[in-house]
Amino acid sequence: MKSYSIALIPGDGIGHDVTAAAWAVLETAAQHAGFALTATQFPWSCKFYKETGRMMPEGGIETLRGFDAILLGAVGWPAEVPDSVSLHGLLLPIRKAFVQYANIRPHRLLPGVRGPLRAENFDILCIRENTEGEYSGAGGRVHQGTADEVAVETSIFTRAGVERILRFGFEQARARRGKLASVTKSNAQKYSMVFWDEITRKLAAEYSDVAVTSYHVDALAARMIMAPESLDVVVASNLFGDILTDIGAAIQGGLGYAASANINPDRSAPSMFEPVHGSAPDIAHLGIANPIAAIWSCAMMLDHLGEKAAAGRVIKALEATTARGIGTIAGKDRTEAITATVIAALT
Ligand code: NAD
Ligand code: IPM
Ligand code: MN
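In this note's numbering, the protein residues as written are 372 to 718.
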């Protein structure tokens, strides 16, 4: 029997609830499809940081490298550990170390879920650059705490990094409806973003079957609200993609529905699957976190592992669940009830 080893990092807050739910769905999907999944759980989190002074042990990255995939819940407990410490100690290093340069985030309404827009028939796939750009971590502070203090944080855009994410976007567009929106802010940022636009034009010549349009990020943000049906694949830098995908989450009903896959397309290291949302301290411990985003992320994991039929069945089970009105209104159904309905719909 085929078997996959998964590293499970629940992290903080509702990360625990949603990964437990998603794992239960994964196990059932594997049973039905006839493959095996084993989970190795790691307690790396803000709690772990309070106990050990680190978000993950030294060598944590090397420990993860041997797995077929990583399932992560959420990282961050700002009341006790600054976000700048927790995220730079766990989530962001994994994305970079494993060259998970393509962060894929689908935005569409599941049946029965009401978004805030009149538009209902949008189906957007955001591709976010995930290893460089505004998240490069290059910078520093001098004269700290004085009136002369200076803080510098430099975005780094490399030809290799921009070209590979754009190419990935073109490929996704080619496999979908053939439309690509490339997002920059080249009217204001005249080096990095002009560079991105130039590479977009260069690749457009190679992908003549894809209709590519360059948008400024402010205009694209408005378009996601005003005319989301006009968009197919959207490709953006790390920070722009982060912000646009929270808009994507909002128009698909909320963060409880927004899935994401941090993909290493070369398969030289494991990819990581996680919902877009965070640890939700305001609802942690209440048992009402929506597990749909995490479960959808696991469908993306199955797809990446090559278990396409099982991935499709998990998506169908999610659709059957929301079509019955389960998990469609924030706080109405408990995490366990939504999970049980998804599992029942799988059989
Ligand atoms: P958040 O996503 O945790 O919560 C924002 C709002 O959405 C809250 O009102 C929350 O209750 C709601 N929400 C989020 N997920 C939900 C779900 N599954 N079901 C129902 N409601 C849900 O964002 P935040 O409050 O800005 O951040 C909290 C912590 O999480 C911070 O430490 C932040 O840095 C971190 N964070 C981590 C990740 C990640 O690990 N990928 C992502 C975003 C934020
Ligand atoms: C996300 C999150 C992270 C990001 C944070 C928690 C660092 O917002 O995955 O969207 O900005 O990438
Ligand atoms: Mn985000």
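Ideal Cβ positions, reconstructed from N, Cα and C, are used throughout, including at glycine. These figures come from a predicted structure and were not determined experimentally.
When the distance is taken between beta carbons, is residue j closer than 7 Å to residue i?
| i | j | result |
| --- | --- | --- |
| Asp383 | Cys417 | yes |
| Gln623 | Gly486 | yes |
| Phe541 | Tyr578 | yes |
| Met564 | Lys573 | no |
| Phe469 | Ala590 | no |
| Ala393 | Ala694 | no |
| Ile536 | Glu500 | yes |
| Ala378 | Ile441 | yes |
| Phe493 | Pro428 | no |
| Val484 | Thr699 | yes |
| Arg545 | Val581 | yes |
| Ile697 | Val606 | no |
| Leu601 | Ala630 | Before going on, a small fix: residue 601 reads as Ser here, not Leu. No, these two residues do not count as a Cβ contact at 7 Å. |
| Val604 | Leu488 | no |
Going by other Cβ atoms of all chains shown within 10 Å of its Cβ, with 16 needed for buried, is residue i buried or exposed?
| i | result |
| --- | --- |
| Asp519 | exposed |
| Asn609 | buried |
| Asp341 | Absent from the model: residue 341. The displayed extent of the chain is 372 to 718, so no value can be given. |
| Glu678 | buried |
| Gly510 | exposed |
| Glu422 | exposed |
| Gly619 | buried |
| Val523 | exposed |
| Gly431 | buried |
| Gly532 | buried |
| Ser455 | exposed |
| Met720 | Residue coverage of the chain in this structure runs from 372 to 718, which leaves residue 720 outside it and unanswerable. |
| Ile634 | buried |
| Ser399 | Sequence check: residue 399 is Thr here, not Ser. So Thr399 counts as buried. |
| Asp637 | exposed |
What are the residues that DSSP puts in a beta bridge with residue i?
| i | result |
| --- | --- |
| Gln412 | Leu379 |
| Tyr586 | Val554 |
| Glu433 | According to DSSP, which records beta bridges pairwise, Glu433 is partnered with nothing at all. |
| Pro477 | Leu496 |
| Ile525 | In the sequence as displayed, the identity of residue 525 is Thr instead of Ile. Beta-bridge pairing links Thr525 to Ala509. |
| Gly504 | Ile527 |
| Pro646 | Ala630 |
| Leu442 | Leu379, Phe644 |
| Val606 | Ile498, Ser553 |
| Ser374 | Ala407 |
What does a CB cutoff of less than 6 Å around residue i pick up in its chain, not counting 5 residues either side in sequence?
| i | result |
| --- | --- |
| Gly460 | Met426 |
| Met658 | It should be pointed out that residue 658 corresponds to Gly in this sequence rather than to Met. Arg705, Thr706. |
| Val521 | Val513 |
| Ala632 | Ile475, Phe644, Met671 |
| Tyr628 | Ile663, Ala664 |
| Tyr586 | Ala552, Val554 |
| Phe588 | With the sequence shown as reference, residue 588 is identified as Val, and Phe is not the correct amino acid for it. Answer for Val588: Val554, Lys556, Phe611, listed in chain order. |
| Ile380 | Phe413, Trp415, Leu443 |
| Thr712 | Thr692, Ile697 |
| Gly424 | none |
| Lys467 | Thr502 |
| Gly702 | Ile659 |
In chain order, what residues of the same chain have a beta carbon less than 7 Å from the beta carbon of residue i, not counting five sequence neighbours either side?
| i | result |
| --- | --- |
| Ala660 | Ile385, Asp388, Val389, Ala651, Ile654, Thr706 |
| Val583 | Leu551, Ser553, Thr571, Ala575 |
| Phe528 | Glu503, Gly504, Ser563, Phe566, Trp567 |
| Ala404 | Glu678, Ala680, Ala681 |
| Leu676 | Tyr375, Asp439, Ala440 |
| Ala559 | none |
| Asp613 | Arg499 |
In chain order, what residues of the same chain lie with their CB nearer than 8 Å to the CB of residue i, ignoring the 5 residues before and after it?
| i | result |
| --- | --- |
| Ala395 | Thr710, Ile714 |
| Trp448 | Asp383, Gly384, Ser416, Cys417, Lys418, Ser457, Ser650, Pro652 |
| Val687 | Here the sequence assigns Lys to residue 687, which means Val is not the residue at that position. Answer for Lys687: Ala716, listed in chain order. |
| Glu451 | Cys417, Lys421 |
| Glu690 | Leu481, Pro482 |
| Ala407 | Met372, Lys373, Ser374, Tyr375, Ala401 |
| Thr718 | Thr399, His403 |
| Thr354 | The chain is shown from 372 up to 718; residue 354 falls before or after that span and cannot be answered. |
Could you check if residue i belongs to the surroundings of the ligand COA, using beta carbon to heavy atom distance under 6 Å?
| i | result |
| --- | --- |
| Asp704 | Because the ligand COA does not appear in the structure shown, any question about it cannot be addressed here, the ligands present being the ligand NAD, the ligand IPM and the ligand MN. |
Is residue i close to chain D? Criterion is C-beta to C-beta, closer than 7 Å.
| i | result |
| --- | --- |
| Lys421 | The question asks about chain D, but that chain is absent: this structure has only one protein chain. |
Whether or not the stretch 509-517 and the stretch 647-657 are in contact is what I'm after, with contact meaning three or more pairs of Cβ atoms, one per stretch, closer than 8 Å; do they touch?
no
Cβ contact check for the stretch 405-420 and the stretch 472-484: 3 or more pairs under 8 Å:
no
Are at least three pairs of beta-carbons, each pair with one atom in the stretch 489-506 and one in the stretch 635-648, less than 8 Å apart?
no
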